[in-house]
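These notes are about the structure you will find just below.
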Amino acid sequence: MGGKHHSAKPLKGFGGASVLEIVENHDGESYRAVYTVRFEKVVYVLHAFQKKSKTGIATPPQEIEKVKARLKRAAEEHALWQSENP
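Throughout, our numbering is defined as the position within the sequence shown, counted from one, plus 80.
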């Protein structure tokens, strides 16, 4: 429908608002989902995980690396999809 989840925020380090993170808390635990709207006509969910660190609110570096790798893969998959569906 073109809307954005009310708690979606740009994930730092990805240059703008094309990679978004949603943070939700449940029973004292924190969960995060990261997705991108960078590509035309699709939304790619890049990562979803439970944040286990009890200190700080920053997304752990190893999770950021997963997002970066999956974003690169999404770009490759999207380019292939576009070439097959002009």
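Think of the CB as a built atom: it goes at the ideal place given N, C-alpha and C, for glycine as much as any other residue.
Distance, Cα to Cα, residue i vs residue j?
i      : j      : result
Glu164 : Glu157 : 11 Å
Thr139 : Lys132 : 10 Å
Leu126 : Lys148 : 9 Å
Ser110 : Ile137 : 10 Å
Please name the residue in the options whose C-alpha comes closest to that of residue i.
i      : options                        : result
Lys146 : Trp161, Ala159, Leu160, Phe129 : Phe129
Ile144 : His86, Val99, Ser87            : Val99
Gln162 : Gln142, Gly136, Val122         : Val122
Ala97  : Glu109, Lys84, Pro141          : Lys84
Arg153 : Thr116, Glu104, Glu109         : Thr116
Ser87  : Ile102, Glu120, Phe94, Gly93   : Ile102
According to DSSP, residue i sits in a beta bridge with which residue or residues?
i      : result
Pro90  : Leu100
Asn105 : Ser110
Val125 : Tyr115
Gln130 : Tyr111
Taking its Cβ as the centre, do 16 or more other Cβ atoms sit within 10 Å of residue i, making it buried, or is it exposed?
i      : result
Arg118 : buried
Val114 : buried
Leu160 : exposed
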